[in-house]
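**Student:** Numbering (the numbering used here), first residue to last: 23 to 458.
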């Protein structure tokens, strides 16, 4: 669903930093990929998507976040096919996408490839014609005259009522269904900030009793990491990127942002870093629209900063148009022009503890000054060391790394010493130490 500005949430929640939950094993150097089943192939089915999974694993993907696959409501539907986030039955599969056996096969194939699968979960609202509406109107928030309420401008959905114990049980039972029936590995929770925290805390506890799950919140704030979620959105960084690309913010704002982030979040909190997703692409614009000549350095930032990088469907193919949100609009896979670029960065994350999540030792250390028209930061853990240089200026810059070391450059592909390194205008370079 459409993102909500979260700066105030981040500031207000900074005092909630506390002991964090234990993450599923092997997620500290993982990368995540958002799967848009409808637009992924001309068929728009789970079966048609599955042949791509081996390619995604080879690209370095570990976690598949699958957008909602349940049936979509008809009443007050938007567009021809409707929003994925207007669910009419939480424990069924949209026949346009396939059936339950297809979901099971997808999850099994992912597991065989060494990947996990999390399902997009819409707990805040449902379709107007959800199977719960007729028999359980009390499970919904009603207005003063007994009518259903619409959250924001999302006229195709109605808001659920978490004052109802019946609703809480039914929602949790539906989540358990997908884990028990399909061996799903967790959930990406849509507009998690609109659902009471105590529901999420209890849900995590109950789901972990079935199997260790991975939980991603579409929310921002340290409090989400205490007992419910492994990872939250870095909306604040995304908004900064968007404003910076338009000339509304400067490099110095990244210095301030990183200081705020460092102070607010415990080192064990996973933060999802991204430049695009289904909302950004469809509503705000492609990365090329929003970032123009800053696409490369801002993308490298999202893959090397302190967090888990997200790749959206089609990003590796240079997706250069806004995908329809309510209709069929297949991705063009004819030229995987950015796949090797992404794969190299994800491989670096996999191999270098300096870039892993949940490690207090490897937080970014800013090397450049706030006044510089570029960003240089160093990340290190043990003998693993990575330097990132993002040149936003209109001319080449020269930088020096840790003296006496030899480095491999990942983006352009080269080996160099520590001094006199030139980075062209508008480019990004990532250096890892190789004399370990």
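Ideal placement from N, C-alpha and C gives every residue a C-beta, glycine not left out.
1) Does DSSP put residue 6 in a helix, in a strand, or in coil?
2) If you run the structure through DSSP and keep just helix, strand and coil, what is residue 357?
3) Assign residue 453 to one of two classes, buried (16 or more other C-beta atoms within 10 Å of its C-beta) or exposed (fewer than that).
4) Assign residue 356 to buried or exposed, taking buried as 16 or more other Cβ atoms, counted over all protein chains shown, within 10 Å of its Cβ.
5) How far does the alpha helix (DSSP H) with residue 80 in it extend, from its first residue to its last?
6) Since I believe residue 263 is in contact with residue 320 (beta carbons under 8 Å), could you give me their beta-carbon distance rounded to a whole number of angstroms?
7) Closest by CA to residue 448, which one among 114, 424, 411?
8) Using the three-state DSSP reduction, which class does residue 142 fall into: helix, strand or coil?
9) Fully enclosed by the stretch 282–314, which beta strand (DSSP E) runs are 3 residues long or longer?
10) Please identify the residue among 279, 44, 54, 206 whose C-alpha is closest to the C-alpha of residue 84.
11) If we require 3 or more residues per run, which beta strand (DSSP E) segments fall completely within the stretch 150–200?
12) So what does DSSP say about residue 48, is it helix, strand or coil?
13) Are the beta-carbon atoms belonging to residue 237 and residue 293 less than 8 Å from one another?
14) Should residue 464 and residue 442 be called a contact, given that it needs their Cβ atoms to be closer than 8 Å?
15) Quick check: the Cα distance between residue 311 and residue 305, rounded to an integer number of angstroms?
16) Could you give the first and the last residue of the continuous beta strand (DSSP E) run that contains residue 455?
17) Opposite residue 87 in the DSSP bridges: which residues?
18) Across which residues does DSSP place residue 398 in a beta bridge pair?
19) When you compare only the Cα positions, how much space is there between residue 148 and residue 207?
20) Within this structure, are the beta carbons of residue 97 and residue 161 separated by less than 8 Å?
21) Name the residue from 198, 337, 218 whose alpha carbon lies nearest to the alpha carbon of residue 183.
22) Return the first residue and the last residue of the alpha helix (DSSP H) that residue 71 is part of.
23) Using only the alpha-carbon positions, how far apart do residue 335 and residue 361 sit?
24) By Cβ distance below 7 Å, which residues in the same chain neighbour residue 190 in space, the five residues on each side in sequence not counted?
25) Out of 138, 413, 143, 364, state which residue places its alpha-carbon closest to the alpha-carbon of residue 315.
26) Quick check: residue 226 and residue 250, are their CB atoms within less than 8 Å of each other?
27) Rounding to the nearest angstrom, what Cα-Cα distance links residue 439 and residue 280 in this structure?
28) Around the C-beta of residue 376, are 16 or more other C-beta atoms found within 10 angstroms, so that it is buried, or is it exposed?
29) Going by C-alpha to C-alpha distance, which of 392, 57, 347 sits closest to residue 142?
30) Exposed or buried, what is residue 299 when buried is set at 16 or more other beta-carbons lying within 10 Å of its beta-carbon?
31) So residue 221 is in the alpha helix (DSSP H); what residue range does that whole segment cover?
32) For residue 210, which of helix, strand or coil comes out of DSSP?
33) Less than 8 Å between C-beta atoms, sequence neighbours within five positions excluded: which residues of the same chain meet that for residue 177?
34) When we look at the beta-carbon of residue 133 and count the other beta-carbons within 10 Å, is it buried (16 or more) or exposed?
35) Hey, would you say residue 296 sits closer than 8 Å to residue 341, going by beta carbons?
36) Could you tell me whether the Cβ atoms of residue 344 and residue 381 are closer together than 8 Å?
**Tutor:** In short:
1) Past the boundaries of the shown model lies residue 6; the chain is included only from 23 to 458, so the question cannot be answered.
2) Counted from its first residue, the chain shown places residue 357 at position 335. Here residue 357 sits in coil by DSSP.
3) On the chain shown, residue 453 is found 431 positions in, with the first residue counted as 1. By the neighbour-count rule (16 or more Cβ atoms within 10 Å), residue 453 is buried.
4) The residue given as residue 356 occupies position 334 in the chain shown. Residue 356 comes out exposed.
5) Against the chain shown, residue 80 aligns to sequence position 58. Per DSSP, residue 80 belongs to the alpha helix (DSSP H) from 75–81.
6) Against the chain shown, residue 320 aligns to sequence position 298. Against the chain shown, residue 263 aligns to sequence position 241. About 5 Å; that satisfies the 8 Å criterion.
7) Position 426 of the chain shown, counting from 1, holds the residue named residue 448. With distances taken between Cα atoms, residue 448 lies closest to 411.
8) Taking the first residue of the chain shown as position 1, residue 142 is located at position 120. Strand at residue 142.
9) 292–295
10) By one-based count along the chain shown, residue 84 stands at place 62. Residue 84 has its Cα closest to that of 54, out of 279, 44, 54, 206.
11) 179–181
12) Here residue 48 is taken as the residue at index 26 of the chain shown, counted from 1. Coil at residue 48, not helix or strand.
13) On the chain shown, position 215 is the one that residue 237 refers to. On the chain shown, position 271 is the one that residue 293 refers to. No.
14) In this structure the chain extends from 23 to 458, so residue 464 is not present and cannot be described.
15) To locate residue 311, count along the chain shown from 1; it is residue 289. To locate residue 305, count along the chain shown from 1; it is residue 283. Rounded to the nearest angstrom, the two C-alpha atoms are 11 Å apart.
16) The count along the chain shown starts at 1 and reaches residue 455 at position 433. Run containing residue 455: 450–455, per the beta strand (DSSP E) assignment.
17) In the chain shown, residue 87 corresponds to position 65, counting from 1. According to DSSP, which records beta bridges pairwise, residue 87 is partnered with 56, 140.
18) Counting from one through the chain shown, the residue named residue 398 turns up at place 376. In DSSP, residue 398 forms a bridge with 411.
19) Along the chain shown, read from residue 1 onward, the residue named residue 148 stands at position 126. Along the chain shown, read from residue 1 onward, the residue named residue 207 stands at position 185. When rounded, the distance between both Cα atoms is 23 Å.
20) Along the chain shown, one-based indexing puts residue 97 at 75. Along the chain shown, one-based indexing puts residue 161 at 139. For residue 97 and residue 161, no; Cβs fall outside 8 Å.
21) Within the chain shown, residue 183 is the residue found at index 161, counting from 1. Nearest option by C-alpha distance: 218.
22) One-based indexing of the chain shown puts residue 71 at position 49. That run of the alpha helix (DSSP H) goes 68–71.
23) For the purposes of this step, residue 335 is taken as the residue at position 313 of the chain shown. For the purposes of this step, residue 361 is taken as the residue at position 339 of the chain shown. Computed Cα separation, rounded: 12 Å.
24) In the chain shown, residue 190 corresponds to position 168, counting from 1. 184, 221.
25) The residue you call residue 315 lines up with position 293 of the chain shown. Residue 315 has its Cα closest to that of 413, out of 138, 413, 143, 364.
26) Locating residue 226 in the chain shown gives position 204, where the first residue counts as 1. Locating residue 250 in the chain shown gives position 228, where the first residue counts as 1. Going by C-beta atoms, residue 226 is nearer than 8 Å to residue 250.
27) Walking along the chain shown from the start, residue 439 turns up at place 417. Walking along the chain shown from the start, residue 280 turns up at place 258. Residue 439 and residue 280: Cα-Cα distance of roughly 28 Å.
28) Counting from one through the chain shown, the residue named residue 376 turns up at place 354. Classification for residue 376: buried.
29) By one-based count along the chain shown, residue 142 stands at place 120. Considering only alpha carbons, the answer is 57.
30) Along the chain shown, read from residue 1 onward, the residue named residue 299 stands at position 277. Answer is buried; the Cβ neighbour count reaches 16.
31) One-based indexing of the chain shown puts residue 221 at position 199. Unbroken alpha helix (DSSP H) run through residue 221: 219–230.
32) Taking the first residue of the chain shown as 1, we reach residue 210 at position 188. Three-state DSSP puts residue 210 in a strand.
33) On the chain shown, residue 177 is found 155 positions in, with the first residue counted as 1. 98, 100, listed in sequence order.
34) Position 111 of the chain shown, counted from the start, is the residue given in the question as residue 133. Flag for residue 133 reads exposed.
35) Walking along the chain shown from the start, residue 296 turns up at place 274. Walking along the chain shown from the start, residue 341 turns up at place 319. Result no, Cβ atoms of residue 296 and residue 341 do not sit closer than 8 Å.
36) The residue you call residue 344 lines up with position 322 of the chain shown. The residue you call residue 381 lines up with position 359 of the chain shown. The answer is no: Cβ separation not under 8 Å.
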